[in-house]
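Trainee: Residues in the sequence shown are numbered from 1224 upward in steps of one, following the numbering used here.
Note that the Cβ used here is the ideal one computed from N, Cα and C, for glycine as well.
One structure follows; several queries about it will come next.
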Amino acid sequence: MKIKQFGKTSLEVSLLTYGCGAVGGLMTKGSSEDQDRAVAWARDNGINHFDTAPSYGDTISETNLGRALGTNREGIVVSTKVGFSQSELEDVNAATQNSLNASLHRLRQDHVDICQLHNTVDDSGEEGTITLNQVINDVLPAFIKIKEQGKAKYLGFTAKGNTAFLHKIVDTQEFHGSQVFYNLLVPSAGEPIHKGFPGQDYENLLTNCSNHGVGTIGVRILAGGALSGSEKRHPLGMPDVAPIGSGEDYKSDVKRALLFNSLIEKQYAESLTELAIRYAITKDTISTIEVGIANIDELKDATDAVNKGTLEKEALVQIKAIQNSFNS
């Protein structure tokens, strides 16, 4: 497994990150035996970064990861998140301390490598959102404090929300990492898109991160599972997955995903999932890609895809042609 430096930090992360979220479901709904086996296999095969959050399975993911990692944490990189309700935004410092302290207890650690903001950044005022001013004036000081306390080595944020706001957060140069949405259906964080493209225009956010030395975790690499080409969900996975930055709904994402089957027919990859994973790692401004799993076989398939390496130039040309056919 290839290892890359995470931005300007001292962290070195595997090109594949073990995602512990509810979309895949193993770490929230799977058996402890299957979880332990998958985590052990990941470590044995060079995967050293594990990403979780208290909202995954209502804290269950963190608890299960803490158990599965065992007492030997040598070489392991663990990242978690802090998300704020609207009421918690009244005292961000206290909410940050309470959330991270509880996460550390569940993870059985005295610190995490990356603590990440887990809110949508916009001005809507809806539950789960946060304004740019709140990020800069409230969250950042609270996050800097936990870093100074040694509870988090580095700080990050989930790049979800208003595109201009996301770029401004990167421009502060105070956050060391960012979770960036990037996949075959929404490539705009890594390259320009045409007028009328149905997905969100992230305006080359990956390039901005790279220019500022911000490490990047490519997320939603499989568009929540849509890039498997099937609407069928695994029993452990989240039953309903709302698209982020791509189509209007999961069904429309699957429909667009099937357009890439032409590359499978031409043997650029053995499956749509493999194509999607290798497409993501071809973008050199991505430090690591995160994939959620429902079972160890999916983990093995993702690992095999990463180890096959980047896509060839001809495949990228054909992918771009398909993306250019997308219209809202």
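#1: Decide if ASN1324 is buried, meaning its Cβ has at least 16 other Cβ atoms within 10 Å, or exposed.
#2: Kindly give me the distance between the Cβ atoms of TYR1405 and LEU1234, rounded to whole angstroms, as I take these residues to be in contact under 8 angstroms.
#3: So what's ASP1361 in DSSP terms, helix, strand or just coil?
#4: How many whole angstroms separate the CB atoms of THR1386 and ASP1424, which I take to be in contact at a CB cut-off of 8 angstroms?
#5: Rounded to whole angstroms, how far is the Cβ of ALA1375 from the Cβ of VAL1403, which I believe are closer than 8 angstroms?
#6: Just to check my reading of the structure: GLN1309 and GLU1350 have Cβ atoms closer than 8 angstroms, yes? What is that Cβ distance to the nearest angstrom?
#7: Which of the three DSSP states is assigned to GLY1468 in this structure?
#8: Using a threshold of 8 angstroms, state whether the C-beta atoms of TYR1502 and ILE1440 are closer than that.
#9: Residues in its own chain within less than 8 angstroms of SER1551 by CB, not counting five upstream and five downstream?
#10: Just reading off the beta strand (DSSP E) that CYS1243 is part of, what are its end residues?
#11: Run through the DSSP bridge pairs and tell me what LEU1429 is partnered with.
#12: Leaving out five residues before and five after THR1496 in sequence, what residues of the same chain have Cβ atoms less than 6 angstroms from its Cβ?
#13: Taking the alpha carbon of ASP1311 as the point to measure from, which residue in GLY1373, ASN1321, THR1303 and LYS1304 has its own alpha carbon closest?
#14: Smallest Cα separation from ILE1432: which of THR1251, LYS1489, ASP1507 and ALA1499?
#15: If the criterion is Cβ atoms closer than 8 angstroms, does the pair VAL1437 and HIS1399 meet it?
Mentor: Answer, in terms of the structure:
#1: Looking up residue 1324 in the sequence shown gives position 101. Result: exposed.
#2: Reading the sequence shown from its first residue, position 182 is the one you call residue 1405. Reading the sequence shown from its first residue, position 11 is the one you call residue 1234. Contact doesn't hold; Cβ gap of about 20 angstroms is too wide.
#3: Counting from one through the sequence shown, the residue named residue 1361 turns up at place 138. Residue state, collapsed to three classes: helix.
#4: Within the sequence shown, the letter at position 163 stands for residue 1386. Within the sequence shown, the letter at position 201 stands for residue 1424. Their Cβ separation, rounded to whole angstroms, is 6 angstroms, which keeps THR1386 and ASP1424 in contact under 8 angstroms.
#5: Position 152 of the sequence shown, counting from 1, holds the residue named residue 1375. Position 180 of the sequence shown, counting from 1, holds the residue named residue 1403. Not confirmed; about 20 angstroms, so no contact.
#6: Here residue 1309 corresponds to residue number 86 of the sequence shown, with the count starting at 1. Here residue 1350 corresponds to residue number 127 of the sequence shown, with the count starting at 1. Their Cβ separation, rounded to whole angstroms, is 6 angstroms, which keeps GLN1309 and GLU1350 in contact under 8 angstroms.
#7: Counted from its first residue, the sequence shown places residue 1468 at position 245. Of the three classes helix, strand and coil, the one that applies to GLY1468 here is coil, per DSSP.
#8: Residue numbering aside, residue 1502 sits at position 279 when the sequence shown is read from its first letter. Residue numbering aside, residue 1440 sits at position 217 when the sequence shown is read from its first letter. No, the Cβ-Cβ distance between TYR1502 and ILE1440 is not below 8 angstroms.
#9: Residue numbering aside, residue 1551 sits at position 328 when the sequence shown is read from its first letter. Only GLY1419, PHE1420 and PRO1421 meet the Cβ criterion.
#10: Here the question's residue 1243 lines up with position 20 in the sequence shown. Segment: none, CYS1243 is in no beta strand (DSSP E) and carries neither H nor E.
#11: Along the sequence shown, one-based indexing puts residue 1429 at 206. Note: LEU1429 sits in no beta bridge, so no partner.
#12: Looking up residue 1496 in the sequence shown gives position 273. SER1451, listed in sequence order.
#13: Your numbering for residue 1311 matches position 88 in the sequence shown. Checking the sequence shown, residue 1311 turns out to be Glu, not Asp. Comparing Cα positions, the closest option is ASN1321.
#14: On the sequence shown, position 209 is the one that residue 1432 refers to. Note that residue 1432 corresponds to Cys in the displayed sequence, not to Ile. Ranking the options by Cα distance to CYS1432, first place goes to ASP1507.
#15: Residue 1437 sits at position 214 when you count from the first residue of the sequence shown. Residue 1399 sits at position 176 when you count from the first residue of the sequence shown. In this structure, HIS1399 lies closer than 8 angstroms to VAL1437 by Cβ.
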